Structure formats: C-alpha cells, structure tokens
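*Asks:* Per the numbering used here, the sequence shown starts with residue 50, numbered consecutively. Where a beta carbon is used, it is the ideal one built from N, C-alpha and C, also for glycine. No experiment lies behind these values; they were computed from the predicted model shown.
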Amino acid sequence: MPTSPVRNFDAYPHHTELPPRSRERFTPAPSPLSGKPRGEAVRTADGRELILRSVEPGDVTAIQRCFKRLPQEDVRRRFMHAMSELPAPMAQRLCRIDPELEAAYVLIDEAVKPAELRGVGRIFVDVAANTAEFSVLVEREWTRIGLGALLMQRLVDECRRRGLDEIWGYVLMENRPMLQLCKEMGFVATMVPGEGSTAQIRLKL
C-alpha cells in the first residue's frame, strides 16, 4: 500500500473530498474554506460536510450523545460488550488524551446545533513494543461513505509519523465492513486463540 504523506491535521484551510472506495480514497478539493476552521473540512459524496480534527476536552458531551445514538449492536462491536450509556469519567478520559501515548481524531457535524460527533478514530501506543492499538467508530447513518476509511488512514499516517512498527486492533468477525476495509488497506487478520468470534488485524508499517 502506498505511503501517504505525513501532515499536521489540526488546522487545514481546505476541503477534502471523499471519492469512491479505492486505494486512492481522498484528494483535496480545489475550493478553499472561508475563514480558518479548527480542522479539515470533509465533504461526503452526497454533499454533507464534517470537520475532521483532533479530539478536544470540550467534546465530552458530544461523545456521550453520539454513544446514546449508537445501536447496541454497534456498541458491542466496538467495546466487545453491551453498554447503555458512556459514563462521564470514561467520556472525559477519551477526550483528555496523553499526546505522547495517544492520538484521536473526531468527525464533527457543525450543520446542527449543538454540533454532533459522527465518528472517532484513535490509537493507543505501546512504547515497549513500538506498536499502536487502533479503534474506529462511525455513527451508523454516516457509514458506507468512506468516513471509516478516512479515519483509519489518518491513524496509519500518525503511526508512521511516530515511527511505529505496527498498527493493530481487535475486530469481531461479524463486523464484515471493518474487516473488508482493513483487508483493502493491507492489514492481515488472524483469529484470536480461544475466541472464535474475534480476529486480530495487523498492518506492518
């Protein structure tokens, strides 16, 4: 898989289109945004627009609202067990990251008030192993339009920027869209011993 250029994603004064699913998924749009948004504007194929930026401490309530909108099936796929709501301490922890050991990107929908979080991707770095575990979650109504791929590519780029050797994660076998996406990106899947329903997927960097 070709290596994407390393970039700083905190302040982008341009749009990024979401082209059809392929190895070359994302290309800059020719028209710049007016003003200076706190992130990178992402326009979907059906015309919806989101802001891609790093997670911030002020995202706590938005991430809790996003969690409440998730079907329990999606919650179980992401957290490997059922949860009816995201406790405040956990939400605060997810929004106040240690930049030395973590990175997290969120997709913010500013077309509604209050602004809503539609997707999040993050890595947790294992310094001793020089690898990172990833997680990606996109709200169901915003899936299958390339946002999961966008978040995953940002995480891969971030791992390469940090000089890590590998990015990996656990995915339930029933989560076929995520397994297919990772396969397209070059990840290799192996079954977790004693866990017939879970695969560990890895990408050497």
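Out of V185, E105, E215 and A181, which one is the CA nearest neighbour of L221?
*Replies:* The candidate whose alpha carbon is nearest that of L221 is V185.
*Asks:* Does the structure place the stretch 163-178 close enough to the stretch 109-117 that three or more beta carbon pairs sit under 8 Å?
*Replies:* Touching, per the Cβ criterion.
*Asks:* Could you give the DSSP three-state label for F236: helix, strand or coil?
*Replies:* Three-state DSSP puts F236 in coil, outside helix and strand.
*Asks:* Is V161 helix, strand or coil when you go by DSSP?
*Replies:* Coil.
*Asks:* Report the three-state DSSP secondary structure of D175 (helix, strand or coil).
*Replies:* In this structure, D175 counts as strand in the three-state DSSP scheme.
*Asks:* Hey, out of T192, R210, A178 and G96, whose CA is closest to P226's CA?
*Replies:* When each option's Cα is compared against that of P226, the closest is T192.
*Asks:* Assuming E188 contacts L119 under a Cβ cut-off of 8 Å, what Cβ separation, rounded to an integer in Å, is found between them?
*Replies:* Yes, they are in contact, since the Cβ atoms of E188 and L119 sit about 7 Å apart, within 8 Å.
*Asks:* How is G107 classed by DSSP in three states: helix, strand or coil?
*Replies:* Three-state result, G107: helix.
*Asks:* Who are the Cβ neighbours of R145 in its own chain at under 7 Å, not counting the five residues just before and after it?
*Replies:* The answer, listed in chain order, is P106.
*Asks:* Give me the Cα-Cα distance between D158 and T180, rounded to the nearest whole angstrom.
*Replies:* Approximately 31 Å, taken between the alpha carbons.
*Asks:* Spatial neighbours of F173 within its chain, please: CB distance less than 7 Å, with the 5 preceding and 5 following residues excluded, ordered by chain position.
*Replies:* Excluding residues within five positions, the ones whose Cβ falls inside 7 Å are L150, E151, A181 and E182.
*Asks:* Look at the alpha carbon of G96 and the alpha carbon of M240, and state the distance between them as a whole number of angstroms.
*Replies:* G96 and M240: Cα-Cα distance of roughly 38 Å.
*Asks:* With a threshold of 8 Å, establish whether the CB of Q229 neighbours any heavy atom of the ligand HEM.
*Replies:* Within the structure as shown, the ligand HEM is missing, as the structure has no ligands at all.
*Asks:* Run the CB neighbour count on S80, radius 10 Å, all protein chains shown included, and call it buried at 16 or more, exposed below.
*Replies:* Because the pLDDT of S80 is 37, which lies under 50, any placement of that residue in the model is unreliable, and the number read from its coordinates should be weighed accordingly. The residue in question, S80, is exposed, as its Cβ has fewer than 16 Cβ neighbours within 10 Å.
*Asks:* Looking at V155 and V91, is the spacing between their C-beta atoms short of 9 Å?
*Replies:* Against a cut-off of 9 Å, the Cβ pair of V155 and V91 comes out as no contact.
*Asks:* Taking the alpha-carbon positions, what's the L228 to D147 distance?
*Replies:* Roughly 28 Å separates the two Cα atoms.
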